[in-house]
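Below is one structure, written out as structure tokens, with a few remarks after it.
In our numbering, the protein residues as written are 1 to 693.
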């Protein structure tokens, strides 16, 4: 028997259970209603594709792209795209994997084409799909672009900054990732300081110098090498003798008072040619070590499997579905538009004269196996797929559409071959859309395809233009190739040009020196320019000038005849020491001037044997005459006369040479008394005076 309290408890428990049953019943009813509503919505969606197609598809989300990439990272934490074989082949995956293991934290690396990603947004989406913490890194075809740490401590931003600013643009993605990893391993404080230093250096100095040179740079190197190999040795052969000769003959050059040997040793003549030849050989041997670049890019050489990977992937996809969308790129076609395109393709295939249609929504990049050549890409896909039909290549990144017909009978002048640019290249509206409105534009292509008339003869485009060989495209030409050969010729011309410039410069210097060290007067100017009563400084300066001119003209004496050598020897007997010219008497200085001029005249081929007997400084004489040498005396002398004295004999007394310091006529001096008898007698007199036989 239950008490009143127990009955109260039972009644309360019963009420509670009843209320619970009522609530559960209502929840089940609501749940069933929601499931029914979901089923109805699904049926409505699948039953009305046309209505859905009529509404614009929303901008593609990175969900499908992120899901695919997350799936790849789940299999391997480093994923390298197959779309960049010319720049970063897929076979470099082990190299990236090795570097990723150095970070010390779980690292997930995505190497994707530039433009196929949305930076941090893609990394966030991939991380959400993968569901694993770690360092997520995004790399394009040139460098590390983005990095985010999820649940781990890593200076991702500083590492990206350092890799961006420390390396030049052509460093390549692998070297960029290596620098990124180096900074990650340094830790937070050092990484931050290094990033700031890299940024400051970039602001101060600009872009770092390129690591690689291009083909034009190699052409310049070849050209310069060719110029150096011929230009430098030829310049040596031309300039060294020229400058030495100019230096010896320069105005004011010291006079060599010793006779030079007439036959210098033969071996010395070959020193300069041998040195020039050795220089050419040295340049040719050194240039390949100075210009030692062999490639124009950091790109590793792709292998055949790298070049075929994407084509194989696309062909495999088209074998299963006539519309292939690149899984690495954001999806451009929604389900409704995809279903509509499938229907249009089936309709065309079933039509009279129709055939298969294959759509490949794949990026066309300069770094891919086709080198951004849509025609070559379509040709390769058709060749490997082995099926004739219409191949449509649509780029989901830039929105371009290209159509190629392989083996179908379609009018080549029909609408398919005259598509408007708004369909093939897009317009402002499509450029502003994330998906480039590829769905609508591909539908327009199918409409044009339906309208194209059929023909009995199938048409097929010719073979595409040959591509640059991806294996060797980055190889530089050998140094001794191409512009090297024109460089050899230009080097010879340059040597001549340098000689001309040096000659012009030395000519200017010579004029400047002539102001301080004038050249000897020409023989025709001597009668009017030579004084009758010269001072000793005048005689000293004139003797010095004549000796310098004689030294330049006589040289080694190889071309001098006996007459010139005898006169030269007599001159050197008087001028035994260049520094002692100041100590010579005026008569001796006069004899030096006369003999030096006579020697130079003999060297030039002048056969004159006499100088003016009125004033020996007047130069060569023309004939002999009896003349009065004094206005007081009536006595006449037989003297050789220069043309000026011969034309005006009345002025001979005033023109007679009188020597300082007493002003006596020159012929009263014992040495100069032989002057009127000719240069030979004067030379003998010099030898007698100096006791030389």
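Idealized CB from N, CA, C, for every residue including glycine.
Where do the ends of the beta strand (DSSP E) carrying residue 139 lie?
Position 139 of the chain shown, counted from the start, is the residue given in the question as residue 139. First-last of the beta strand (DSSP E) with residue 139: 134-139.
Note down the Cα distance separating residue 49 from residue 350, rounded to an integer number of angstroms.
Mapped onto the chain shown, residue 49 falls at position 49. Mapped onto the chain shown, residue 350 falls at position 350. In this prediction, residue 49 scores a pLDDT of 35, lower than 50, which makes its location untrustworthy; the coordinate-derived value is nonetheless stated afterwards. Those two C-alpha atoms are separated by around 21 Å.
Can you check which of these residues, 166, 244 and 195, is closest to residue 210 by C-alpha distance?
Here residue 210 corresponds to residue number 210 of the chain shown, with the count starting at 1. Minimum Cα distance to residue 210 is reached at 166.
Measuring CA to CA, which of 533, 205, 663 and 436 is closest to residue 424?
The sequence position of residue 424 within the chain shown is 424, counting from 1. Each of 533, 205, 663 and 436 was checked against the Cα of residue 424, and the nearest Cα belongs to 436.
Between residue 144 and residue 163, how many whole angstroms is the CB-CB distance? I'm expecting something under 8 Å.
On the chain shown, position 144 is the one that residue 144 refers to. On the chain shown, position 163 is the one that residue 163 refers to. With 8 Å as the limit, residue 144 and residue 163 qualify as a contact, their Cβ atoms being about 5 Å apart.
Assign residue 451 to one of three DSSP states: helix, strand, or coil.
In the chain shown, residue 451 corresponds to position 451, counting from 1. Three-state result, residue 451: helix.
Considering only the beta carbon of each residue, do residue 389 and residue 406 sit closer than 8 Å?
Within the chain shown, residue 389 is the residue found at index 389, counting from 1. Within the chain shown, residue 406 is the residue found at index 406, counting from 1. Going by C-beta atoms, residue 389 is nearer than 8 Å to residue 406.
Helix, strand or coil: how does DSSP classify residue 414 here?
Locating residue 414 in the chain shown gives position 414, where the first residue counts as 1. Correct three-state label for residue 414: coil.
Buried or exposed, going by whether 16 or more other CB atoms sit within 10 Å of the CB of residue 522?
For the purposes of this step, residue 522 is taken as residue 522 along the chain shown, with counting starting at 1. Exposed.
Residue 547: which of 112, 557 and 597 sits nearest, CA to CA?
As a first step, residue 547 must be located in the chain shown, where it is residue number 547. Considering only alpha carbons, the answer is 597.
Which one of 310, 519, 531 and 86 has the shortest CA to CA distance from residue 297?
Here residue 297 refers to the residue found at position 297 of the chain shown. Nearest of 310, 519, 531 and 86 to residue 297, Cα basis: 86.
Tell me which same chain residues have a C-beta within less than 8 Å of the C-beta of residue 366, skipping the five on either side of it?
As a working mapping, residue 366 is identified with position 366 in the chain shown. Same-chain partners within the cutoff: 86 and 372.
Indicate the three-state DSSP secondary structure (helix, strand or coil) for residue 289 in the structure shown.
Residue numbering aside, residue 289 sits at position 289 when the chain shown is read from its first letter. In the three-state reduction of the DSSP assignment, residue 289 falls in the helix class.
Other residues of its chain near residue 232: CB distance less than 6 Å, five sequence neighbours each side excluded
Translated into the one-based positions of the chain shown, residue 232 becomes position 232. Within the same chain, residue 232 has close Cβ partners 279.
What is the DSSP secondary structure of residue 26, counted as helix, strand or coil?
Numbered from its first residue, the chain shown carries residue 26 at position 26. Here the model assigns residue 26 a pLDDT of 44, short of 50, so the residue's position is not dependable and the matter cannot be decided.
Burial state of residue 493 (16 or more Cβ within 10 Å):
In the chain shown, residue 493 corresponds to position 493, counting from 1. Under the 10 Å beta carbon count, residue 493 is surrounded by fewer than 16 other beta carbons and is classified as exposed.
Can you tell which of 218, 531, 189 and 80 has its C-alpha closest to the C-alpha of residue 484?
Within the chain shown, numbered from 1, the residue matching residue 484 stands at position 484. When 218, 531, 189 and 80 are compared, the shortest CA-CA separation from residue 484 is found for 218.
Separation of residue 679 from residue 540, as counted between CA atoms
Walking along the chain shown from the start, residue 540 turns up at place 540. Walking along the chain shown from the start, residue 679 turns up at place 679. Inter-residue distance for residue 540 and residue 679 is about 21 Å (C-alpha atoms, whole angstroms).
Is there a Cβ from chain C that is less than 8 Å from the Cβ of residue 460?
Absent from the structure: chain C. Only one protein chain is present.
Kindly indicate which three-state DSSP category residue 367 falls into: helix, strand or coil?
Counted from its first residue, the chain shown places residue 367 at position 367. Correct three-state label for residue 367: coil.
Residue 229 beta carbon less than 8 Å from that of residue 488:
As a first step, residue 488 is located in the chain shown; it is residue number 488 there, counting from the start. As a first step, residue 229 is located in the chain shown; it is residue number 229 there, counting from the start. Taking 8 Å as the Cβ cut-off, residue 488 and residue 229 qualify as a contacting pair.
Can you list, in chain order, the residues of its chain with a C-beta nearer than 7 Å to that of residue 676? Leave out the 5 residues immediately preceding and following it.
For the purposes of this step, residue 676 is taken as the residue at position 676 of the chain shown. The residues are 613, 639, 640 and 667.
Counted within 10 angstroms of its Cβ, other Cβ atoms place residue 139 as buried (16 or more) or exposed:
Along the chain shown, read from residue 1 onward, the residue named residue 139 stands at position 139. Its Cβ being crowded by 16 or more others within 10 Å, residue 139 is buried.
Sequence-distant residues of the same chain with beta carbon closer than 8 Å to residue 445, five excluded per side:
The sequence position of residue 445 within the chain shown is 445, counting from 1. Closer than 8 Å at the Cβ level, and outside the excluded window around residue 445, lie 392, 401, 403, 416, 419 and 423.
Work out the CA separation of residue 318 and residue 383 for me, nearest whole Å.
One-based indexing of the chain shown puts residue 383 at position 383. One-based indexing of the chain shown puts residue 318 at position 318. Taking the CA atoms as reference points, residue 383 sits about 13 Å from residue 318.
Would residue 381 pass as a contact of residue 311 if the rule is Cβ separation under 8 Å?
The count along the chain shown starts at 1 and reaches residue 381 at position 381. The count along the chain shown starts at 1 and reaches residue 311 at position 311. It is a contact, given that the beta carbons lie within the stated cut-off.
Rounded to the nearest angstrom, what separates residue 35 and residue 130 at their Cα positions?
What you label residue 35 is simply residue 35 of the chain shown in a count that begins at 1. What you label residue 130 is simply residue 130 of the chain shown in a count that begins at 1. Note that residue 35 has pLDDT 47, beneath the 50 cutoff, so the model's placement of it is unreliable and no number is given.
Between the alpha carbons of residue 51 and residue 115, how many angstroms are there, rounded?
Residue mapping note: residue 51 aligns to position 51 of the chain shown, counting from 1. Residue mapping note: residue 115 aligns to position 115 of the chain shown, counting from 1. Because residue 51 sits at a pLDDT of 33, beneath the cut-off of 50, its placement in the model cannot be relied upon, and the following sentence gives the value as read from the coordinates. Each residue's alpha carbon lies about 33 Å from the other.
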